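Working notes, structure below.
Numbering (the UniProt record's numbering), first residue to last: 1 to 166.
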């Protein structure tokens with residue numbers, strides 16, 4: 001699912017560039033600017049589910065590799081985090097779709113339009129994404145330190161997970 005999301009996201013970026021993306025705003029007609037804003041709006045909607053499924057696949061892999069029994073603290077923590085991610089990305093996607101009233105104002109950009117504060121939304125979303133990325137990075141490290149291996153082997157196993165996060 002993550003690979004499909006990456007393909008769709010990349011295709012949308014190509015379409016955005018073909019519709020004058022990257023051209024300075026002063027060199028665009030109003031119609032060209034609307035086209036850029038439209039494709040950017042579509043891209044921001046697709047981004048959330050793409051990132052969600054990527055993080056979900058990593059967390060499900062952690063469940064399979066690191067949690068031998070259900071109802072352990074790590075199992076509960078990972079499932080609670082999956083539930084948090086699900087709620088966040090559903091809400092984020094809905095807010096991005098209906099960010100303006102009417103929806104078409106998201107790309108038309110008429111004066112006096114009624115929209116949410118998009119820069120604030122994107123900043124809050126970025127902060128949550130950073131938090132969730134750090135959490136996903138730290139989960140296997142905590143699990144590795146509970147293994148009955150030498151410190152050297154624990155560090156090596158943690159290094160494998162850390163390199164995968166890069």
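All C-beta atoms in this analysis are idealised placements derived from N, C-alpha and C, irrespective of residue type, glycine included.
Everything numeric in this text was worked out from a predicted model, so none of it was measured.
{"Item": "Local Cβ density within 10 Å of residue 123, reported as buried at 16 or more and exposed below that", "Value": "exposed"}
{"Item": "For residue 163 and residue 73, the rounded distance between their alpha carbons", "Value": "25 Å"}
{"Item": "Straight-line Cα distance separating residue 92 from residue 11", "Value": "22 Å"}
{"Item": "Nearest-angstrom Cβ-Cβ length linking residue 24 and residue 35, presumed shorter than 8 Å", "Value": "Their Cβ separation, rounded to whole angstroms, is 15 Å, which puts residue 24 and residue 35 out of contact at 8 Å."}
{"Item": "Rounded separation between residue 60 and residue 75 - CA only", "Value": "10 Å"}
{"Item": "Whole-angstrom distance between residue 42 and residue 27, CA atom to CA atom", "Value": "23 Å"}
{"Item": "C-beta contact flag for residue 66 and residue 143 at 8 Å", "Value": "yes"}
{"Item": "Residue ranges of each alpha helix (DSSP H) within the UniProt domain \"Rhodopsin\" (8 to 165), 4 or longer", "Value": "30 to 66, 73 to 97, 105 to 108, 118 to 145 and 151 to 165"}
{"Item": "Contact belief for residue 128 with residue 88 at Cβ below 8 Å, rounded distance in angstroms", "Value": "6 Å"}
{"Item": "Alpha-carbon spacing of residue 225 relative to residue 102, whole angstroms", "Value": "This structure cannot settle anything about residue 225, because the visible part of the chain is limited to 1 through 166."}
{"Item": "Supposed contact pair residue 82 and residue 62 - C-beta distance, whole angstroms, cut 8 Å", "Value": "Rounded, the Cβ-Cβ distance is 10 Å, inconsistent with contact."}
{"Item": "Distance CB(residue 125)-CB(residue 55) smaller than 8 Å", "Value": "no"}
{"Item": "7 Å CB neighbourhood of residue 135 in its chain, flanking five on each side removed", "Value": "81"}
{"Item": "Selected residue, minimal CA-CA separation from residue 5, among 57, 97, 154 and 37", "Value": "57"}
{"Item": "Expected contact under 8 Å - CB spacing of residue 16 and residue 40 to nearest Å", "Value": "6 Å"}
{"Item": "Cβ distance (whole Å) where residue 48 is taken to contact residue 96 below 8 Å", "Value": "7 Å"}
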